[in-house]
Each structure stands twice: as C-alpha cells, then as structure tokens.
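Trainee:
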Amino acid sequence: RSPPTVNATEAQLIKKIPVVSDFPDVFPVELPGLPPDRNVEFAIELVHGTAPLDKGFIRPSSSPWGCPALFVEKKDQGGKRLCVDYRPLNAVITSRTSTLCHTLISYLIGLGEPRVFSKIDLRSGYHQIKVREEDIPKTAFSTRYGLYEYLVMSFGLTNAPAFFMYLMNSVFMNELDKFVVVFIDDILVYSKNEKEHEEHLRIVLSRLREHKLYAKFSKCAFWLKEVAFLGHILSAKGVVVDPGKVEDVLNWKQPQPYYRRFIKDFSKIAKPMTALTREKCKVCVEPKVRRSLWDIKEAPNFGTCSCSTGHHQAI
9 RSPPTVNATE AQLIKKIPVV SDFPDVFPVE LPGLPPDRNV EFAIELVHGT APLDKGFIRP
69 SSSPWGCPAL FVEKKDQGGK RLCVDYRPLN AVITSRTSTL CHTLISYLIG LGEPRVFSKI
129 DLRSGYHQIK VREEDIPKTA FSTRYGLYEY LVMSFGLTNA PAFFMYLMNS VFMNELDKFV
189 VVFIDDILVY SKNEKEHEEH LRIVLSRLRE HKLYAKFSKC AFWLKEVAFL GHILSAKGVV
249 VDPGKVEDVL NWKQPQPYYR RFIKDFSKIA KPMTALTREK CKVCVEPKVR RSLWDIKEAP
309 NFGTCSCSTG HHQAI
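Numbered according to the numbering used here, the sequence shown spans residues 9 to 323.
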C-alpha cells in the first residue's frame, strides 16, 4: 500500500485553509491501494439453495458467477465509470440490511442553530471497504477482455449503502448529531461559531486520518456560511430547498412528493393524483389530475419556504 499523494495545485489550496492544512494526506489524488482491514467487511448473503487491475481493486476471475458490465460517462468530470448490472445477483441476496441512518428531515431539524459549515466528500467511498474473502467471486462481471471480480465493495450491490453507513456511523459514533451528519460518503460538519468549527473540523479530519479514509478535495468545501447538502440549503436562517432541485421538480413529467413538507396543503392539492395509486384503480390522467400537478409546481412557497433548524420536533 503506497502512501497517498496530493495534487500539487490542490496542495497549494489546502495550505490556505485553516485546520485542513494540517491534514493534506486525507485528500489524496487517488486512493493509495486496497483499503486496510476494518471491522466492516462487505458480505453477500445468498438465498438458501442458490447456485451460482491497476489499483488492485479488481482481479481476473474464474468464478461461476458473472454479471454484465458497461462504461458510462462521468458527470462533469470526463472519463468513464465502470458500472456492473448486479440485478441478477441482487435478486438472490437474502440479507437486505436496512441503512443505519435517520431520516433526512430528522437530520436537518436536529442541527440546532449552526452558523459555520464544512462539507467533505469521500473519494470513491465504496472502494474503501473490502469484500469478505468468500464473497469476492460473487462480484464477478464479464467484459470483452474476460471475467473479473471485485476485491472492494462495488456500486449497485444490495446492502452496499447499509454497510457503508455502518462503517461511517462507527467511525463518527461520538460526533453524530452533535456536530456531524453523515449520509453514505457525504460528511457535514456544523458549528455555532468559528472557534467551535476549528475544533470540530480537526476532530473529523483526525478520524478520517486514523481510519485511513480519504476525501476528494475538489468536491469538499470548508468554512461556509451556507451549504448545499442532500438537496437542501442549510444556513443560520434555516433550511430551504436547493433551487437547482426545484428546477428539476418543475420539469418532472410525473410527480414525486419528496418536498411535500415545503408545500402548504400538499395532501389536499395532490388528492386527485394520490387516488391513482390505489389498488385496482384505472389510471386515467384527467384534467383535474393535471391541474393538481400544476398547482403543486406553482405553489407560492415551494422552494422559498424554510424550516428552522432550531426546533427538535416533527414537522
């Protein structure tokens, strides 16, 4: 396992950021190799009776398993990402562990009244957990160059988010809901003032260094007054919907109620559409249904109404 290397340009930027400048090794240009042995290994438990390179994350395989693979363009980065279609394998995985995290809204409500934020995004987070040795052959995928298998956790596998959340929750157990929020590979650090934030940020980066977990500097942001996090904008004023997400919702062809808490009388407005979800209901998009969708998109407070982060009660 080689020591992590830091991009020269990023190294200069890191030097200028308080606290972060003490942890350049947490932001390598790429993962230094296979992750260390951890108390969390990704396991693939199958339904009873089921029959079946450069960085060292994959290796040639002679496994009886094999799922199709393809490459897709990386968003805003250039290059291609390897994607394996694990649906055949997921169909016979028996242990569908629930993700060990609170609901998003409980995260946001429980923040108190933070005024300083930092956001840390782990680099290829799933690849920082090893697959349990006996389960490696099950990750096999086929390419035009032959069959390969993953030694690290891959995207698209049932239970992968839950295993990663288990790791992150164990790493930050003492900090969760005090000044840290974690969702998969996104880490939010929040504080009431800059003095507190210096201490909190140092603790979080120390935890990452201790557990050899690495972040992608270009996707991190530090010492912010407001921060975009999981589709919301957080600040001392409260929580509002990310305007970029509002634009996406306005362009939806079919409605999704994810942001219903920000729309007054959502259930009444959406009643014609809700009726379409009933069992044995014949789906017919009548004018009143289209009107219902339009009213939701045009709700006056949608995207501007904020939820205070200072009250610990259900909305």
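Cβ coordinates follow ideal geometry from the N, Cα and C atoms, glycine included.
Tell me the rounded alpha-carbon separation between PRO250 and GLY74.
Mentor: Reading the sequence as shown, one finds Asp at residue 250 and not Pro. Near 40 Å, if we compare the C-alpha coordinates of GLY74 and ASP250.
Trainee: Using beta-carbon positions only, say whether ILE22 and PHE163 come within less than 8 Å of one another.
Mentor: Going by C-beta atoms, ILE22 is not nearer than 8 Å to PHE163.
Trainee: Tell me whether ALA283 sits in a helix, a strand or coil according to DSSP, three-state version.
Mentor: Reduced to three states, the DSSP call for ALA283 is helix.
Trainee: On the premise that ALA223 lies in contact with ARG131, defined as a C-beta separation below 8 Å, what is that separation, rounded to the nearest angstrom?
Mentor: That pair is a contact at about 6 Å.
Trainee: Under the three-state reduction of DSSP, which class applies to THR166: helix, strand or coil?
Mentor: Reduced to three states, the DSSP call for THR166 is coil.
Trainee: With respect to the alpha helix (DSSP H) encompassing ARG217, which residues constitute its N-terminal and C-terminal limits?
Mentor: Residues 202–218.
Trainee: How big is the Cα-Cα spacing for CYS91 and LYS203?
Mentor: Answer to the nearest angstrom: the Cα atoms are 43 Å apart.
Trainee: Is the separation between the beta-carbon of PHE50 and that of MET161 shorter than 8 Å?
Mentor: Yes; because the gap between Cβ atoms is below 8 Å, this pair is in contact.
Trainee: My output table needs one value for GLU142: the three-state DSSP class, helix, strand or coil.
Mentor: Residue state, collapsed to three classes: helix.
Trainee: Excluding the 5 residues flanking SER71 on each side, which residues of the same chain have their C-beta closer than 6 Å to its C-beta?
Mentor: Here the set comprises PRO145, ALA148, GLU157.
Trainee: Given a threshold of 16 other Cβ atoms within 10 Å of its Cβ, counted over all protein chains shown, does ARG67 qualify as buried or as exposed?
Mentor: ARG67 is exposed by the Cβ-count criterion.
Trainee: Smallest Cα separation from GLU234: which of GLU218, LEU221, SER199, GLU206?
Mentor: Answer by Cα proximity: SER199.
Trainee: On the CB-based measure, 16 or more other CB atoms within 10 Å of its CB, does ALA16 come out buried or exposed?
Mentor: Under this definition ALA16 is an exposed residue.
Trainee: Can you tell me whether DSSP reads ASP194 as helix, strand or coil?
Mentor: Correct three-state label for ASP194: strand.
Trainee: Please report the residue range of the alpha helix (DSSP H) in which PRO96 lies.
Mentor: Unbroken alpha helix (DSSP H) run through PRO96: 95–98.
Trainee: In this structure, how does DSSP classify LYS83 when only helix, strand and coil are distinguished?
Mentor: Coil, per DSSP.
Trainee: Once DSSP output is grouped into helix, strand and coil, what is the label at SER226?
Mentor: Note: SER226 maps to helix in three-state DSSP.
Trainee: Compute the distance between the beta-carbons of LEU209 and VAL27, then report whether it is under 8 Å.
Mentor: Cβ distance < 8 Å, so LEU209 and VAL27 count as in contact.
Trainee: Quick check: ASP33 and ARG217, are their CB atoms within less than 8 Å of each other?
Mentor: Yes, the Cβ-Cβ distance between ASP33 and ARG217 is below 8 Å.
Trainee: Which word fits ALA99, buried or exposed, when buried means at least 16 other C-beta atoms lie within 10 angstroms of its C-beta?
Mentor: By the neighbour-count rule (16 or more Cβ atoms within 10 Å), ALA99 is not buried but exposed.
Trainee: Determine the direct distance from the alpha carbon of LYS138 to that of SER126, and round the result to whole angstroms.
Mentor: Each residue's Cα considered, the two are about 28 Å apart.
Trainee: My output table needs one value for ASP256: the three-state DSSP class, helix, strand or coil.
Mentor: Looking at ASP256 - three-state DSSP - the assignment turns out to be helix.
Trainee: Hey, how far is the Cα of ILE101 from the Cα of GLU53?
Mentor: Each residue's Cα considered, the two are about 6 Å apart.
Trainee: Per the DSSP calculation, GLU121 is bridged to which residue(s)?
Mentor: Beta-bridge pairing links GLU121 to no other residue.
Trainee: In the DSSP output, what is ARG89 paired with across the bridge?
Mentor: VAL80, per the DSSP bridge assignment.
Trainee: Does SER126 come out as helix, strand or coil in the three-state DSSP assignment?
Mentor: Three-state DSSP puts SER126 in a strand.
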